[in-house]
Amino acid sequence: MTGKPKRIISSLDMPQLYTENANRAHSFGSLSLANFDPFPKNPPISKVFREIGLADELGSGMRNTYKYTLLYSGAEPQFVEGNVFRTTIPLSEAATATVGPIQFLPGTEAGAELYEKIKLDTGRLNSLLEFCTVPRTRAELQDFCGIKTEKYFREKILNPMLTIGLIRRTIPDRPNSPNQKYMKI
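When we follow the numbering used here, the leftmost residue of the sequence shown carries the number 342, and every step to the right adds one.
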């Protein structure tokens with residue numbers, strides 16, 4: 342087994358989710374449902390989770406990944422086994438839009454903490470982002486959200502959205518400009 346750390350990589354240039362983690366390989370090369378022979382990676386832990394009813398059938402993860410990736414993105418996932426196990430899940434814009442904004446896929450603990458600081462549920466956040474496809478003032482955004490307090494809106498919604506990169510200023514070199522507007526990235 343290699344000392345390679347687990348990684349999850351998402352790219353806006355190529356709409357896919359890519360993972361890799363160290364593996365004790367039983368075979369090498371691409372896996373498909375036709376040539377896949379499931380085996381538990383850690384039999385003692387697998388047995389415990391099966392006993393308490395928190396484990397699915399062995400191999401169901403790969404079958405479900407194929408099923409739902411085809412359903413949501415129209416393409417097949419790729420599984421490559423070796424000393425490093427690699428998975429590539431193709432994404433479509435339509436599939437990611439229903440889950441949340443494609444601009445932010447939590448990949449870091451700090452990013453996830455910032456995302457949690459936005460005091461809007463996912464539906465309202467997505468609506469606000471759609472509203473921002475046209476440049477809007479802070480007052481327009483605040484009114485759209487139905488929030489009366491400017492300080493609360495700035496601290497709990499506007500600033501975290503700017504920090505994460507969900508929206509941008511139309512006049513970035515003058516953040517306090519009276520003509521400042523905000524737009525979805």
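Think of the CB as a built atom: it goes at the ideal place given N, C-alpha and C, for glycine as much as any other residue.
The structure displayed is predicted, hence computed values, not measured ones.
Less than 7 Å between the C-beta atoms of I526 and S518, yes or no?
Here residue 526 is taken as the residue at index 185 of the sequence shown, counted from 1. Here residue 518 is taken as the residue at index 177 of the sequence shown, counted from 1. Not a contact, by the Cβ cut-off of 7 Å.
How is S433 classed by DSSP in three states: helix, strand or coil?
Locating residue 433 in the sequence shown gives position 92, counting from the first residue. Coil at S433, not helix or strand.
In this structure, does DSSP put K525 in helix, strand or coil?
What you label residue 525 is simply residue 184 of the sequence shown in a count that begins at 1. Of the three classes helix, strand and coil, the one that applies to K525 here is strand, per DSSP.
Would DSSP call N467 helix, strand or coil?
Along the sequence shown, read from residue 1 onward, the residue named residue 467 stands at position 126. In the structure shown, N467 sits in a helix (DSSP, three-state: H, G or I).
What three-state label does DSSP hand A480 in the structure shown?
By one-based count along the sequence shown, residue 480 stands at place 139. Three-state result, A480: helix.
Quick one: Cα of E501 to Cα of I459, how far?
Position 160 of the sequence shown, counted from the first residue, corresponds to residue 501. Position 118 of the sequence shown, counted from the first residue, corresponds to residue 459. Note that residue 501 is Pro in the sequence shown here, rather than Glu. Approximately 6 Å, taken between the alpha carbons.
Check whether the Cβ atoms of P356 and L432 lie closer than 7 Å to each other.
Taking the first residue of the sequence shown as 1, we reach residue 356 at position 15. Taking the first residue of the sequence shown as 1, we reach residue 432 at position 91. Their beta carbons are under 7 Å apart, which means P356 touches L432 by this criterion.
Only counting the same chain, and skipping five residues up and downstream in sequence, which positions put a Cβ closer than 7 Å to that of A366?
As a first step, residue 366 must be located in the sequence shown, where it is residue number 25. Only E422, G423 and N424 meet the Cβ criterion.
Nearest chain C C-beta to E491 closer than 7 Å, yes or no?
Given the protein chain composition of this structure (a single chain), no chain C is represented.
Cα-Cα separation between L374 and A396, rounded to whole angstroms:
For the purposes of this step, residue 374 is identified with residue 33 of the sequence shown, where counting begins at 1. For the purposes of this step, residue 396 is identified with residue 55 of the sequence shown, where counting begins at 1. Looking at the two C-alpha atoms, the distance is approximately 20 Å.
Exposed or buried, which one is P418 when buried takes at least 16 other CB atoms within 10 Å?
Position 77 of the sequence shown, counting from 1, holds the residue named residue 418. Buried, by the Cβ-count rule.
Taking E422 as part of the beta strand (DSSP E), name the residues at either end of that continuous run.
For the purposes of this step, residue 422 is taken as the residue at position 81 of the sequence shown. Counting along the chain, the beta strand (DSSP E) containing E422 begins and ends at Q419 to E422.
Which term fits F426, buried or exposed, when burial requires 16 or more other beta carbons within 10 angstroms of its beta carbon?
Looking up residue 426 in the sequence shown gives position 85. By the 10 Å Cβ count, F426 comes out buried.
So is S368 buried or exposed if we call it buried at 16+ other beta carbons inside 10 Å?
As a first step, residue 368 must be located in the sequence shown, where it is residue number 27. Classification of S368: exposed, given that the 10 Å Cβ count is below 16.
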